[in-house]
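Worksheet for the structure shown next.
Residue numbers (full-length UniProt numbering): 1 to 259.
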């Protein structure tokens, strides 16, 4: 950000960790500007770039998540304190984006259990329950909500005894609270899925769509591989956050691999 001359901002002057840079707390006027920025980005994607839709990123310790979670948000105005206040910005952005491009072209992502970038409330369920209830009430035709499962924490996997066995005694964290609130509408689930576990989860939850991230990076032909039962390329985590094409556009398609 500094190299680009951009400010380092957040809901509050709360560093991600001890010794980390301290962000500037956004003013209410600046918050309105950021809402407008989300809207413009959505319009650019849908109306200029031809995207089918947009996903609002309210997860993984980025700006909207920094307002949602009380481990970061220490404000005392209408954007901080209560669940309703901390959720205000996420809902304002969603209202504005859906008004601009349509609810059917808008989804939103959350990560209640992730610890990435200093997140992870002691009890995230009340906050995220409120947000999902409000979304269900305000936007009945929202394309989907997208939740990161407890087995994944930002850029790393959380060590659990039974991955995807959410709600178990070994790992009580679960997104089932959100599934119950959202009801029969489309619910996207991400969380280190492989073909077998993804199919199992899709069959378990009738309204579920399974999201692949890391394996999509490593497999440009992922849908065909899943359809045909072709083994997947494994991703190289060391290239996830590096500039340049390595690790992004150099993984082979199945048809390019010699038997």
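The beta-carbon is built from N, C-alpha and C at its ideal position, and this holds for glycine as well.
Predicted model only: the values in this text are computed from it and were never measured.
Minimum C-alpha distance to residue 82 - residue among 36, 90 and 70
70
Exercise for review: Taking residue 9 as the reference, give the member of 47, 64 and 136 with the closest Cα.
Suggested key: 64
State the CB to CB distance for the pair residue 94 and residue 135, rounded to an integer number of angstroms; the pair is presumed to be in contact (CB under 8 Å). 7 Å
In three-state DSSP terms, what is residue 143?
coil
Does the pairing of the segment 93–111 with the segment 37–57 give three or more beta-carbon distances under 8 Å?
yes
For the candidate residues 26, 80 and 240, whose alpha-carbon lies nearest to that of residue 127? 80
### Query
Counting along the chain, where does the beta strand (DSSP E) carrying residue 110 start and finish?
106–110
Near residue 207, what residues of its chain come up, given a Cβ to Cβ distance below 7 Å and the 5 sequence neighbours on each side ignored? 184, 185, 186 and 187
- With DSSP run on the structure shown, which of helix, strand or coil describes residue 256? helix
- Cutoff 6 Å; reference residue 15; Cβ partners in own chain excluding five residues on either side: 22
Considering only DSSP beta bridges, list what residue 68 is partnered with.
DSSP output for residue 68 lists no bridge partner at all.
**Item:** Own chain, CB closer than 6 Å to residue 163, minus 5 neighbours either side, in chain order
**Value:** Confidence is the limiting factor: at residue 163 the pLDDT is only 42, short of 50, which leaves the residue's position unreliable and the question unanswerable from this model.
* Asked: Since residue 200 is in the alpha helix (DSSP H), which residue starts that stretch and which ends it?
  -> 195–204
Alpha carbon to alpha carbon, how far is residue 146 from residue 212? Give it in angstroms, no decimals.
12 Å
Does the distance from the C-beta atom of residue 129 to that of residue 181 stay below 8 Å? yes
Quiz item: Taking the C-alpha atoms as reference points, what is the distance between residue 106 and residue 224?
Solution: 26 Å
- [ ] Within the same chain, show all residues whose beta-carbon is closer than 7 Å to that of residue 219, passing over the 5 residues directly before and after it, in chain order.
- [x] 225, 232, 233 and 251
Cα-Cα, which of 176, 214 and 179 is closest to residue 294? Absent from the structure is residue 294, since the part of the chain shown begins at 1 and ends at 259.
Whole-angstrom distance between residue 101 and residue 50, CA atom to CA atom = 12 Å
Residue 255, buried or exposed, once every other Cβ within 10 Å from all chains shown has been counted against 16:
exposed
Check: Between the Cα of residue 177 and the Cα atoms of 137, 192 and 124, which residue gives the shortest distance?
Finding: 124
*So what's residue 57 in DSSP terms, helix, strand or just coil?*
strand
- Task: Starting from residue 89, trace the alpha helix (DSSP H) both ways and give me its first and last residue.
- Result: 88–101
For this session: May I have the straight-line CA-CA distance separating residue 244 from residue 137, to the nearest angstrom?
Result: 43 Å
* Please classify residue 77: is it buried, with 16 or more other beta-carbons within 10 angstroms of its beta-carbon, or exposed? => exposed
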